[in-house]
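Heads up, the thing below is written out as structure tokens.
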Amino acid sequence: MSKKFIPGVISANDLREGHVVYMNDAGQWVLRLKDAAFLDDPVIADMWLDLANAQPEKVVGAYLAPATLGPDGPEPAHFREAFRASGPSIELPHNTLAGS
Amino acid sequence: MFQPSDFDRAAVRARAEQFRHQVARRLDGSLTEDEFKPLRLMNGLYLQLHAYMLRVAIPYGTIEARQMRQLAKIADAWDRGYGHFTTRQNIQFNWPKLIDVPDMIDALADVGMHAIQTSGNAIRNTTTDAFAGAAADEIADPRPYAELIRQWSTDHPEFQFLPRKFKIAINGAEADRAAIRAHDVGLQLVERDGEIGFQVFVGGGLGRTPMIGKEIRSFLPAVDLLPYLESIVAAWNLAGRRDNKYKARIKITVHELGIDTFSEMVEAEFPARRAAFKGADQAILADLKAQFAPPALPARESESFDTALNVDALLRDWAARSVSPHHNPDYGVVTVSLKDHGAPPGDATSDQMRLLADLAERYGQSELRISHEQNVILPHIAKADLPALFEALRKGGLATANIGLTSDIIACPGMDYCALATARSIPLAQQISTHFRDLGLEQEIGALKIKISGCINACGHHHLGHIGILGLDRAGVENYQITLGGDATETMALGERAGPGFAYTEVIPALERLLRAYLELRESATESFLDALRRLGPDPFKEALYAEAQRHAAQ
Chain A
1 MSKKFIPGVI
11 SANDLREGHV
21 VYMNDAGQWV
31 LRLKDAAFLD
41 DPVIADMWLD
51 LANAQPEKVV
61 GAYLAPATLG
71 PDGPEPAHFR
81 EAFRASGPSI
91 ELPHNTLAGS
Chain B
1 MFQPSDFDRA
11 AVRARAEQFR
21 HQVARRLDGS
31 LTEDEFKPLR
41 LMNGLYLQLH
51 AYMLRVAIPY
61 GTIEARQMRQ
71 LAKIADAWDR
81 GYGHFTTRQN
91 IQFNWPKLID
101 VPDMIDALAD
111 VGMHAIQTSG
121 NAIRNTTTDA
131 FAGAAADEIA
141 DPRPYAELIR
151 QWSTDHPEFQ
161 FLPRKFKIAI
171 NGAEADRAAI
181 RAHDVGLQLV
191 ERDGEIGFQV
201 FVGGGLGRTP
211 MIGKEIRSFL
221 PAVDLLPYLE
231 SIVAAWNLAG
241 RRDNKYKARI
251 KITVHELGID
261 TFSEMVEAEF
271 PARRAAFKGA
281 DQAILADLKA
291 QFAPPALPAR
301 ESESFDTALN
311 VDALLRDWAA
321 RSVSPHHNPD
331 YGVVTVSLKD
341 HGAPPGDATS
351 DQMRLLADLA
361 ERYGQSELRI
371 SHEQNVILPH
381 IAKADLPALF
391 EALRKGGLAT
401 ANIGLTSDII
411 ACPGMDYCAL
421 ATARSIPLAQ
431 QISTHFRDLG
441 LEQEIGALKI
451 KISGCINACG
461 HHHLGHIGIL
471 GLDRAGVENY
481 QITLGGDATE
491 TMALGERAGP
501 GFAYTEVIPA
511 LERLLRAYLE
521 LRESATESFL
531 DALRRLGPDP
541 FKEALYAEAQ
551 RHAAQ
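Chains as they are written, first to last, in UniProt numbering: chain A, 1 to 100; chain B, 1 to 555.
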């Protein structure tokens, strides 16, 4: 039995820096979940995932991250995706890296 | 003090150079991620939830002041100003960029450090007692043997593609401070008729199928250590399952075959392996023993320390928790807590690393250790220096007097960092530690080991916690199972699951009910939580944990 399709967004980690990225409507990689393209059609989602996986020079481990569509764009549909979108839930001892 | 040989330094440099080229080839597209991933894992580089993570080897948890200072420099230059010390006595940097990792590895090589075999299906860092070479109850220093194992296992051509990772722990003292029977192979140094040897355990481990190691040799002469270890790994390399990664660990092989059958396989392998060792290992061991010889510790009076204890209550509280007996009565073994109330367990800022390095140089023979309980040890501190050391630690925020107490929690990185995690660990540890301090119960509760894992792989050793907490994903919600009665010491036991899990916000009220029940149930203030649990059995503690649910069910 095929796995039930869950709507979501294409997410991955940036190859060079490792941070979480999302694919937007223009096929570009962006940092904010709410700027991602929301995919609720399984055929289109597969096509976008193929597009992501065809960019190994930019990202690692692309997958369809479960999301719902909120008033301001996609929102995480699972707590794991919420942490990926917003960073660790704890205060870091230091946070000195510029642009992090 | 042990120093790596020129051969070791050259090998580490060559590996760093090799990895620099591999990273460059990944970045220019010559290597795919599928090709690169095993290469980066062989060099301790993971891709986690939010970033890459570099796991740096600290062999048997022993580190010099200058190396600690270099870790601080790396944290500042290429990470976010801190590092995370792990239950495997390593350090992890949580935020490196791939493009910076070759520079980080070069910086490690500058001080003889590396990240080789901190990942992958190879023999990992051999862990040991963090008090090694100093403890009053030591039979023999395990570190020369651990270093011999490191030299034998590093890039061992036969053991680079094992069925799964392989972990060895070695303990040289009467008290087991290395949790040896929770490892693939556990080695206990023993003395028989004046001869040093090993009691050998095999097939222990935690994770989804926790098992306590079984004795395979009651006494292995020390001279046979490497050929016997090689026989064990070779037997498992042959018989270990590769069809299912969850069943590929040696504990499953030993369990499925039985210890007697597995022992026969090892013993069948052993004669030829022993014959192949021509004595070079013993020559190396003799050299290592000389390098690990105890430092010359000058006689020091300790009356000033005794006087200070009488007048300084803060020093007295700290010393009672943090100073352990040294084999030299003028000295103590100091455990520095990396578990300040509300802090992520095992994290140290670069400033704290530098302070620890400074203090090790000033007071402690430039030696530091990392404990499997995620604290830092200064192994040789003159009692006369303890008041000054305490004052310096206090100013640096490192004098929390909580070793062995409720807030001295082991916790894995959990879902705040780890790609494998199914729930968070660190914020729960932070809340537990502040909650019981704020209630004023921490000292009253006394000796207690709480261990938290954010997934079934059990990096937080939850099975071995007097109270273990396992974070899981239940239908998209964090859920925490409680185990009771685990023990990581020479009386090792696996905790038993108490019952249904708790939601994130329910865990601390449940623990408070549990620990208040313990305070009511214990025979005296000297009966620990674990002792009370063993005397009474789990039922009254389970009743306390689930009292709220039972109350709601009755309504």
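All C-beta atoms in this analysis are idealised placements derived from N, C-alpha and C, irrespective of residue type, glycine included.
query: Nearest to B/G465 by CA position, among B/T406, B/I196, B/L45, is which residue?; result: B/T406
query: Give the secondary structure of B/L405 by DSSP, where H, G and I count as helix, E and B as strand, and everything else as coil.; result: coil
query: With a threshold of 16 other CB atoms inside 10 Å of the CB of B/H21, please say whether the residue is buried or exposed.; result: exposed
query: If A/K34 and A/P74 are in contact, beta carbons under 8 Å, what's the gap, nearest whole angstrom?; result: 6 Å
query: Quick test of your reading: B/T505 and B/L472, contact by CB under 8 Å. State the CB separation rounded to the nearest angstrom.; result: Their Cβ separation, rounded to whole angstroms, is 15 Å, which puts B/T505 and B/L472 out of contact at 8 Å.
query: Could one say the Cβ of A/N13 lies closer than 8 Å to chain B's Cβ atoms, at least one of them?; result: yes
query: Please tell me whether B/E478 has its Cβ less than 8 Å away from any Cβ of chain A.; result: yes
query: Can you confirm whether the stretch 140-148 of chain B touches the stretch 330-347 of chain B when touching is taken to mean that 3 or more C-beta pairs between the two stretches lie within less than 8 Å?; result: no
query: Between the C-alpha atoms of B/L189 and B/I139, what's the straight-line distance to the nearest angstrom?; result: 7 Å
query: Which residues in chain B have a C-beta closer than 7 Å to the C-beta of A/V20? List them in chain order.; result: H50
query: Taking Cβ to Cβ, would you say B/F131 is nearer than 8 Å to B/S322?; result: no
query: So for B/H84, helix, strand or coil by DSSP?; result: strand
query: Quick one: is B/D176 buried, meaning 16 or more other Cβ sit within 10 Å of its Cβ, or exposed?; result: buried
query: Check the DSSP bridge columns for B/A313 and list the partner residues they point to.; result: B/A313 is not bridged to any residue.
query: Compare the C-beta of A/R32 with all C-beta atoms of chain B and state if any pair is closer than 8 Å.; result: no
query: Does the separation of the CB atoms of B/K167 and B/R208 fall below 8 Å?; result: no
query: Name, please, each residue of chain B whose Cβ falls closer than 8 Å to the Cβ of A/L92.; result: R80, Y82
query: With distances taken Cα to Cα, identify the nearest neighbour of A/L64 among A/R16, A/P42, A/P88, A/E17.; result: A/P42
query: What residues are listed by DSSP as bridge partners for B/K214?; result: B/V202
query: So which residues on chain A does residue 556 of chain B lean against when the C-beta distance must stay under 8 Å?; result: Residue numbering for chain B in the displayed model covers 1 to 555; residue 556 of chain B lies beyond these limits and cannot be assessed.
query: Ignore the nearest five residues each way along the sequence and tell me which others in B/C459's own chain have a CB closer than 7 Å to its CB.; result: T87, C412, S453
query: Is any beta-carbon of chain B found at less than 8 Å from that of A/F5?; result: no
query: Anything in the stretch 53-74 of chain A with a Cβ closer than 8 Å to a Cβ of chain B? List those residues in chain order, please.; result: P56, E57, V60, G61
query: Quick one: Cα of B/T118 to Cα of B/A57, how far?; result: 6 Å
query: So B/E478 is in the beta strand (DSSP E); what residue range does that whole segment cover?; result: 477-484
query: Output needed in chain order: residues of the stretch 21-34 of chain B with a Cβ under 8 Å from some Cβ in chain A.; result: R26, L27, G29, T32, E33
query: Taking the alpha helix (DSSP H) that B/A75 belongs to, which residues open and close that run?; result: 65-78
query: Confirm, please, whether the CB-CB distance from B/I426 to B/D416 is below 8 Å.; result: yes
query: Which chain B residues sit within Cβ distance under 9 Å of A/G27?; result: Neighbours of A/G27 on chain B: none; closest Cβ ~19 Å, over 9 Å.
query: Closer than 9 Å by beta-carbon distance: list the chain A residues that pair up with B/D416, in chain order.; result: F83, G87, P88, S89, I90
query: Taking only beta-carbon positions, decide if B/I91 is within less than 8 Å of chain A.; result: no
query: Along the chain, where does the alpha helix (DSSP H) containing B/R143 start, and where does it finish?; result: 143-153
query: Could you give the DSSP three-state label for B/V111: helix, strand or coil?; result: coil
query: Buried or exposed: B/Y246, going by 16 or more other Cβ atoms within 10 Å of its Cβ?; result: exposed
query: Pop quiz: B/Q282 and B/V223 are said to be a contact at Cβ under 8 Å. What is the actual Cβ separation, rounded to whole angstroms?; result: 6 Å
query: Apart from the five residues on each side of it in sequence, which residues of its chain come closer than 7 Å, Cβ to Cβ, to B/A235?; result: F262, M265, V266, E269
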